[in-house]
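Asker: Before we start, here is the structure in question, set down as structure tokens.
There are 2 protein chains.
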Amino acid sequence: MYTYPQLFDFTKQVFLKIGSNERDAMLATKVLLSADLRGVDSHGIARLVGYVRLWEAGRINATPKVKTVHETPSTAVVDGDSGLGLVVAPQAMQIAIDKAKNVGTGWVSVKNSNHFGIAGCHAMMALENDMVGIAMTNASPLVAPTFSIERMLGTNPIAVAIPAASEPPFVADFATTTAANGKLEILQRKNQEAPKGWIQDANGNTSYNANELKNGGALLPLGGDRENGSHKGYCLGAIVDIFSAVFSGANYGPWVPPFVSFLPMPEHPVGEGIGHFFGAMRIDAFRPADEFKHHMDTWIKRFRAATPMEGYEKVLIPGDPEREMEAERLKNGWALLPPVVTDLKALAEKLEITESLF
Amino acid sequence: MYTYPQLFDFTKQVFLKIGSNERDAMLATKVLLSADLRGVDSHGIARLVGYVRLWEAGRINATPKVKTVHETPSTAVVDGDSGLGLVVAPQAMQIAIDKAKNVGTGWVSVKNSNHFGIAGCHAMMALENDMVGIAMTNASPLVAPTFSIERMLGTNPIAVAIPAASEPPFVADFATTTAANGKLEILQRKNQEAPKGWIQDANGNTSYNANELKNGGALLPLGGDRENGSHKGYCLGAIVDIFSAVFSGANYGPWVPPFVSFLPMPEHPVGEGIGHFFGAMRIDAFRPADEFKHHMDTWIKRFRAATPMEGYEKVLIPGDPEREMEAERLKNGWALLPPVVTDLKALAEKLEITESLF
Numbered sequence: 001m002y003t004y005p006q007l008f009d010f011t012k013q014v015f016l017k018i019g020s021n022e023r024d025a026m027l028a029t030k031v032l033l034s035a036d037l038r039g040v041d042s043h044g045i046a047r048l049v050g051y052v053r054l055w056e057a058g059r060i061n062a063t064p065k066v067k068t069v070h071e072t073p074s075t076a077v078v079d080g081d082s083g084l085g086l087v088v089a090p091q092a093m094q095i096a097i098d099k100a101k102n103v104g105t106g107w108v109s110v111k112n113s114n115h116f117g118i119a120g121c122h123a124m125m126a127l128e129n130d131m132v133g134i135a136m137t138n139a140s141p142l143v144a145p146t147f148s149i150e151r152m153l154g155t156n157p158i159a160v161a162i163p164a165a166s167e168p169p170f171v172a173d174f175a176t177t178t179a180a181n182g183k184l185e186i187l188q189r190k191n192q193e194a195p196k197g198w199i200q201d202a203n204g205n206t207s208y209n210a211n212e213l214k215n216g217g218a219l220l221p222l223g224g225d226r227e228n229g230s231h232k233g234y235c236l237g238a239i240v241d242i243f244s245a246v247f248s249g250a251n252y253g254p255w256v257p258p259f260v261s262f263l264p265m266p267e268h269p270v271g272e273g274i275g276h277f278f279g280a281m282r283i284d285a286f287r288p289a290d291e292f293k294h295h296m297d298t299w300i301k302r303f304r305a306a307t308p309m310e311g312y313e314k315v316l317i318p319g320d321p322e323r324e325m326e327a328e329r330l331k332n333g334w335a336l337l338p339p340v341v342t343d344l345k346a347l348a349e350k351l352e353i354t355e356s357l358f
Numbered sequence: 001m002y003t004y005p006q007l008f009d010f011t012k013q014v015f016l017k018i019g020s021n022e023r024d025a026m027l028a029t030k031v032l033l034s035a036d037l038r039g040v041d042s043h044g045i046a047r048l049v050g051y052v053r054l055w056e057a058g059r060i061n062a063t064p065k066v067k068t069v070h071e072t073p074s075t076a077v078v079d080g081d082s083g084l085g086l087v088v089a090p091q092a093m094q095i096a097i098d099k100a101k102n103v104g105t106g107w108v109s110v111k112n113s114n115h116f117g118i119a120g121c122h123a124m125m126a127l128e129n130d131m132v133g134i135a136m137t138n139a140s141p142l143v144a145p146t147f148s149i150e151r152m153l154g155t156n157p158i159a160v161a162i163p164a165a166s167e168p169p170f171v172a173d174f175a176t177t178t179a180a181n182g183k184l185e186i187l188q189r190k191n192q193e194a195p196k197g198w199i200q201d202a203n204g205n206t207s208y209n210a211n212e213l214k215n216g217g218a219l220l221p222l223g224g225d226r227e228n229g230s231h232k233g234y235c236l237g238a239i240v241d242i243f244s245a246v247f248s249g250a251n252y253g254p255w256v257p258p259f260v261s262f263l264p265m266p267e268h269p270v271g272e273g274i275g276h277f278f279g280a281m282r283i284d285a286f287r288p289a290d291e292f293k294h295h296m297d298t299w300i301k302r303f304r305a306a307t308p309m310e311g312y313e314k315v316l317i318p319g320d321p322e323r324e325m326e327a328e329r330l331k332n333g334w335a336l337l338p339p340v341v342t343d344l345k346a347l348a349e350k351l352e353i354t355e356s357l358f
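Going down the list, the protein sequences come from chains A and B. Under this note's numbering, the first residue of the first sequence carries the number 1, and numbering increases by one thereafter. Under this note's numbering, the first residue of the second sequence carries the number 1, and numbering increases by one thereafter.
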């Protein structure tokens, strides 16, 4: 078991070693570990080695100058200057929040960035400002649109955070696929089959093989197949892609650069880096903040009190499981899988981190 | 077969008979029939009788004074004054468009409205202004959240319309459930079973009975079950509900009034009428409009050229099938189902429409 302060200190040292300044290293660490805290282990410290490899491959600028390149009172396009998405994203979200303070809402599309950790972390920045926060990003193409055998979209997540009064906030954060790639990785490690509706093989047939992506298969959009609405998941993934990259000038669709450094970059890029999209809406831009939050409390209480199926304790509010996990892990720490520890140990040696945890 | 001008004339007469002024009758007719034109027969003229019944039940104000009750430069809350959603929605969308002209984007939440036809029709108003349009609405509770046996949400659709240059626009318009209620009605009429993942029975078990809602069953959120991501469909439906109603002061969740006039109104309402949410984003608020539209063309062409599965001609772009249907029906007209014709005949008699088509 490792504690949050222990892992925070180690992770921050790694970002300092690759050249981030103190502020950026703090920010990147906070964002990266928010995934572990919320139980999204696939997007947290397990990916630290991947970020360092991108830096080694010359794809990460450790000292980015994040700047607005186009704007109106309620919008901006931000150039991430090839920085860590973990650092670019919170700065872009802050611009959205500042615009919302002025004119009610703020909407920021980002180009020339890299993977930004979990979307929910950025959306939640809005909460302390009594705003609704929205965050989305495109990602490397692993998903086949309905009727396609070609991988055209990333798992393109959407996060929406909504404040309440006495109830904890509503925080939705989900990939626009049946299952996120991280869930597939868990099955791969356990050598288990994937459920129907998660994956297709290279010819577009249903596959239960959790390793099918290595054989040219693809993840499926939310819905799974046409009969169960996969065209809706495809629409959602497409909207995220367009808002994140066609608005900003980033790469979209099959041109989005891969997260893993060993894969080649797509030829003939249509933009710069990967793209994100952020939104902030002041709740008092719609009605008095107290009134809104009172009704959110009513909404949350009523849904939590919905009659559950037999065998289930209660209906969950989006964000409930992650919040409970965060409280647990902040208190007691958490375990890392042996291959993750091995990776971090090697990383500590390579970067000559003294007094390393690993 | 009936032609568009024939059905337009008849429908407009109906709205005039219930007291709409000339402008509102035109608008309501245009919006209602856009559903038929786009092939969404369940939301078009087949529902005209339902709207009239709501008016007879005193739930529709035929001469609404739609007004803004709260605003900032980029947002507004609109009171629909119990008007037809078909008339309130385009006025609210126009406010979003006007705000976008001023500050880049406009976001309007609506209370005290009624059903607004198809969401796509309103989102598409943005296109001619070189804007991205967004429309959503809540609706009567027919959908059970993940783990719930209680119906808490409507089919809560989301529409997003995005302009391109030489390519036709991208127009997504979908219920946040596996299947819209209209699809279930088709199965009911054909006496066919529903696929797995569409419906659950009163105890939360999988049901194939297209009439299960009459026995206390529920529609399922997009994803179908937990393993296939129904919690994501539940999140989407919840976000639509909150943006449409908690922002505006409309009824939300199980308090949303039913569309059918014979069902009782929910007790202890938490707001006024049903709610909608509209957004408009100027594309040149992000980058020069020509540049954006050029890249949308590239996006659309690349996705349409994705390798299709064997047996499928091509990968579709959202909006393709509906646009083709519209061209077909504008040219050749379309048939109405016998029960719809019977309903319209009775309506013509009751409202004493002279020289009726029916």
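Heads up, the beta-carbon is just placed ideally off N, CA and C, and yes, glycines get one too. Treat the numbers as computed from the prediction; the structure is a model and nothing was measured.
Identify whether A/H115 lies in helix, strand or coil by the three-state DSSP scheme.
Answerer: Residue mapping note: residue 115 of chain A aligns to position 115 of the first sequence, counting from 1. A/H115: coil per DSSP, three-state reduction.
Asker: Cutting at 7 Å between CB atoms, please list the residues of its own chain near A/I300, excluding the five before and the five after it.
Answerer: Start at 1 with the first residue of the first sequence, and residue 300 of chain A comes out as number 300. So the list reads A164, E167, F170 and I317, once near-sequence residues are dropped.
Asker: What are the boundary residues of the beta strand (DSSP E) that A/I158 is part of?
Answerer: Numbered from its first residue, the first sequence carries residue 158 of chain A at position 158. Its beta strand (DSSP E) spans residues I158 to I162.
Asker: If you draw a straight line from the alpha carbon of A/R323 to that of A/E349, how long is it in whole angstroms?
Answerer: One-based indexing of the first sequence puts residue 323 of chain A at position 323. One-based indexing of the first sequence puts residue 349 of chain A at position 349. Approximately 34 Å between the Cα atoms of the pair.
Asker: Kindly confirm or deny that the stretch 247-262 of chain B and the stretch 274-284 of chain B touch, where touching means at least three C-beta pairs closer than 8 Å.
Answerer: Counting Cβ pairs under 8 Å, three or more are found: they touch.
Asker: What does A/Q188 pair with, by DSSP beta-bridge criteria?
Answerer: Numbered from its first residue, the first sequence carries residue 188 of chain A at position 188. Paired residues: none, contrary to the question.
Asker: The beta strand (DSSP E) that contains B/V78, what's its start and end?
Answerer: Numbered from 1 along the second sequence, position 78 holds the residue referred to as residue 78 of chain B. B/V78 -> beta strand (DSSP E) spans T75 to D79.
Asker: At a CB distance below 9 Å, what residues from the stretch 233-264 of chain A approach chain B? Give them in sequence order.
Answerer: For the stretch 233-264 of chain A, which is checked against every Cβ of chain B, the residues closer than 9 Å are G233, Y234, C235, L236, A238, I239, D241, I242, F243, A245, V246, F247, S248, G249, Y252, G253, P254 and W255.
Asker: Between A/G275 and chain B, is the shortest Cβ-Cβ distance under 8 Å, so that the two count as touching?
Answerer: Here residue 275 of chain A refers to the residue found at position 275 of the first sequence. False, the Cβ-Cβ gap to chain B never drops below 8 Å.
Asker: Given a cut-off of 8 Å on the beta-carbon distance, is the pair A/T307 and B/E328 in contact?
Answerer: One-based indexing of the first sequence puts residue 307 of chain A at position 307. One-based indexing of the second sequence puts residue 328 of chain B at position 328. No; because the gap between Cβ atoms is not below 8 Å, this pair is not in contact.
Asker: Quick one: which chain B residues come within Cβ less than 7 Å of A/E150?
Answerer: Mapped onto the first sequence, residue 150 of chain A falls at position 150. The contacting residues are A306 and T307.
Asker: According to the Cβ coordinates, are A/V69 and A/S109 closer than 8 Å?
Answerer: Against the first sequence, residue 69 of chain A aligns to sequence position 69. Against the first sequence, residue 109 of chain A aligns to sequence position 109. Their beta carbons are not under 8 Å apart, which means A/V69 does not touch A/S109 by this criterion.
Asker: For a quick check, are the C-beta atoms of A/P141 and A/G120 less than 8 Å apart?
Answerer: If you number the first sequence from 1, residue 141 of chain A lands on position 141. If you number the first sequence from 1, residue 120 of chain A lands on position 120. No, the pair does not count as a contact, with Cβ atoms beyond the cut-off.
Asker: Mark B/D290 as exposed unless 16 or more other C-beta atoms lie within 10 angstroms of its C-beta, in which case mark it buried.
Answerer: On the second sequence, residue 290 of chain B is found 290 positions in, with the first residue counted as 1. Its Cβ having fewer than 16 others within 10 Å, B/D290 is exposed.
Asker: Give a yes or no on contact between the stretch 210-217 of chain B and the stretch 126-138 of chain B, applying the rule of three or more CB pairs nearer than 8 Å.
Answerer: Contact between the stretch 210-217 of chain B and the stretch 126-138 of chain B is absent, because fewer than three Cβ pairs lie under 8 Å.
Asker: Does the beta carbon of B/P145 sit closer than 8 Å to a beta carbon anywhere in chain A?
Answerer: In the second sequence, residue 145 of chain B corresponds to position 145, counting from 1. Yes, B/P145 counts as interfacial toward chain A.
Asker: Going along the chain, which residues of its own chain have a beta-carbon closer than 6 Å to the beta-carbon of B/A233, five neighbours each way excluded?
Answerer: Residue 233 of chain B sits at position 233 when you count from the first residue of the second sequence. Before going on, a small fix: residue 233 of chain B reads as Gly here, not Ala. The answer, listed in chain order, is T176, P221, L222 and G223.
Asker: What residues from the stretch 162-191 of chain B come within 9 Å of chain A, judged by C-beta to C-beta, listed N to C?
Answerer: Cβ contacts with chain A come from I162, F170, A172, D173, F174, A175, T176, T177, T178 and A179.
Asker: I need the straight-line Cα distance from A/K190 to A/V49, nearest angstrom please.
Answerer: Here residue 190 of chain A corresponds to residue number 190 of the first sequence, with the count starting at 1. Here residue 49 of chain A corresponds to residue number 49 of the first sequence, with the count starting at 1. Near 21 Å, if we compare the C-alpha coordinates of A/V49 and A/K190.
Asker: Please classify A/K111: is it buried, with 16 or more other beta-carbons within 10 angstroms of its beta-carbon, or exposed?
Answerer: The residue labelled residue 111 of chain A in the question sits at position 111 within the first sequence. That one is buried.
Asker: What's the gap between the Cα of A/I118 and the Cα of B/G117?
Answerer: Sequence index remark: in the first sequence, residue 118 of chain A carries index 118 (1-based). Sequence index remark: in the second sequence, residue 117 of chain B carries index 117 (1-based). Computed Cα separation, rounded: 36 Å.
Asker: Let me confirm a value: A/V40 is counted as buried when at least 16 other C-beta atoms fall within 10 Å, else exposed. Which label applies?
Answerer: Position 40 of the first sequence, counted from the start, is the residue given in the question as residue 40 of chain A. With 16 or more other Cβ atoms within 10 Å, it is buried.
Asker: Which of the three DSSP states is assigned to B/W198 in this structure?
Answerer: For the purposes of this step, residue 198 of chain B is taken as the residue at position 198 of the second sequence. Residue state, collapsed to three classes: coil.
Asker: On the DSSP bridge assignment, give the partners of B/L219 in chain order.
Answerer: Within the second sequence, the letter at position 219 stands for residue 219 of chain B. B/L219 pairs with B/V143 and B/I199.
Asker: How would you label B/K331, buried or exposed, when you count the other beta carbons within 10 angstroms and need 16 or more for buried?
Answerer: Looking up residue 331 of chain B in the second sequence gives position 331. B/K331 is exposed by the Cβ-count criterion.
Asker: What residues in the stretch 99-121 of chain B bring their beta carbon closer than 7 Å to a beta carbon of chain A?
Answerer: Under the 7 Å Cβ criterion, the stretch 99-121 of chain B contributes V103, G104, T105, W107 and S109.
Asker: Please work out which residues of its chain come closer than 7 Å, Cβ to Cβ, to A/S356, disregarding the five sequence neighbours upstream and downstream, and give them in chain order.
Answerer: Position 356 of the first sequence, counted from the start, is the residue given in the question as residue 356 of chain A. Excluding sequence neighbours, A/S356 sits near F10 and A348.
Asker: State buried or exposed for A/K99, treating a residue as buried only when at least 16 other CB atoms are found within 10 Å of its CB.
Answerer: Along the first sequence, read from residue 1 onward, the residue named residue 99 of chain A stands at position 99. Buried: at least 16 other Cβ atoms inside 10 Å.
Asker: Classify B/T72: buried if its beta carbon has 16 or more other beta carbons within 10 angstroms, exposed otherwise.
Answerer: Against the second sequence, residue 72 of chain B aligns to sequence position 72. With 16 or more other Cβ atoms within 10 Å, it is buried.
Asker: Give the interface partners of A/R302 over in chain B, defined as CB-CB distance under 9 Å, in chain order.
Answerer: Taking the first residue of the first sequence as 1, we reach residue 302 of chain A at position 302. The answer, in chain order, is M152, Y252, G253, P254, W255 and V270.
Asker: Is it buried or exposed for A/Q91, if we count other Cβ within 10 angstroms and need 16 for buried?
Answerer: Position 91 of the first sequence, counted from the start, is the residue given in the question as residue 91 of chain A. Buried, since its Cβ has 16 or more Cβ neighbours within 10 Å.
Asker: Along the stretch 19-45 of chain A, what residues have a CB closer than 7 Å to any CB found in chain B?
Answerer: Cβ contacts with chain B: none found.
Asker: Straight-line CA distance for A/M366 to A/D81?
Answerer: Here chain A comprises residues numbered 1 to 358, so residue 366 of chain A is not present and cannot be evaluated.
Asker: Could you name the residues of chain B that A/G80 contacts, counting a contact when the two beta carbons are closer than 7 Å?
Answerer: Reading the first sequence from its first residue, position 80 is the one you call residue 80 of chain A. None at all; the shortest Cβ gap to chain B is about 15 Å.
Asker: Kindly list, in the order they appear in chain B, the residues whose Cβ is closer than 8 Å to that of A/R287.
Answerer: What you label residue 287 of chain A is simply residue 287 of the first sequence in a count that begins at 1. H70, V77, F247, S248 and G249, listed in chain order.
Asker: Using a beta-carbon distance cut-off of less than 9 Å, what residues from the stretch 206-233 of chain A approach chain B?
Answerer: For the stretch 206-233 of chain A, which is checked against every Cβ of chain B, the residues closer than 9 Å are L222, G223, G224, E227, N228, G229, H231, K232 and G233.
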